[in-house]
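In short: position in the sequence shown from 1, add 52, done, that's the numbering used here. Yeah, the Cβ is synthetic: ideal placement off N, Cα and C, and Gly gets one too. Owing to the predicted nature of the structure, the values given are computational and were not obtained by experimental measurement.
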Amino acid sequence: MKPVILTTMCTIINDKGEILVENRIKKDWPGLTFPGGHVEDNENTVNACIREMKEETGLEVNNLINKGYIEWNDFGDGVRHFAVLFLAKEYKGKIKSSKEGEVFFISLKDIHQYPFSNDFDKILKLMLN
53 MKPVILTTMC
63 TIINDKGEIL
73 VENRIKKDWP
83 GLTFPGGHVE
93 DNENTVNACI
103 REMKEETGLE
113 VNNLINKGYI
123 EWNDFGDGVR
133 HFAVLFLAKE
143 YKGKIKSSKE
153 GEVFFISLKD
163 IHQYPFSNDF
173 DKILKLMLN
């Protein structure tokens, strides 16, 4: 059985109908994606999502809604990657980008101006359903 890496991804829809994205610059996952990251051994997915959002966006999120999951078995690294997806209904703070990439709100009509990360189009559909 392959080892599993558990991660979270999260977005926010603001009062203008824009979604929060990250234009990730790291080589292992470049392009538009949603903020998130690894679930640590001592935390559940909700707490990991809250922590990762604070680390990557500077925002404190609450009232998370589970939007499903996505998984990958085909990266050629011998690992099964499993990401739990969340939509935050409440947030506070000011956006602060991290070393992972620039974080910003974008309208759906402008989203195709940026390159997408792996399966971003599929994840976006899940987040918006």
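Less than 8 Å between the C-beta atoms of residue i and residue j, yes or no?
i           : j           : result
residue 71  : residue 134 : no
residue 63  : residue 111 : no
residue 85  : residue 92  : no
residue 43  : residue 116 : This structure leaves residue 43 out entirely; the chain is present only between 53 and 181.
residue 172 : residue 69  : no
residue 102 : residue 174 : no
Can you list, in chain order, the residues of its chain with a C-beta nearer than 7 Å to that of residue i? Leave out the 5 residues immediately preceding and following it.
i           : result
residue 145 : 110, 111, 112
Do you know offhand how far residue i's Cα is from residue j's?
i           : j           : result
residue 169 : residue 142 : 25 Å
residue 161 : residue 55  : 38 Å
residue 107 : residue 114 : 15 Å
residue 165 : residue 78  : 19 Å
residue 90  : residue 96  : 11 Å
residue 152 : residue 128 : 23 Å
residue 58  : residue 100 : 10 Å
Excluding the 5 residues flanking residue i on each side, which residues of the same chain have their C-beta closer than 6 Å to its C-beta?
i           : result
residue 61  : 86, 88, 135, 137
residue 124 : 133
Going by DSSP, what residues sit across from residue i in a beta bridge?
i          : result
residue 81 : Paired residue(s): none; residue 81 is not in a bridge.
residue 61 : 88, 137
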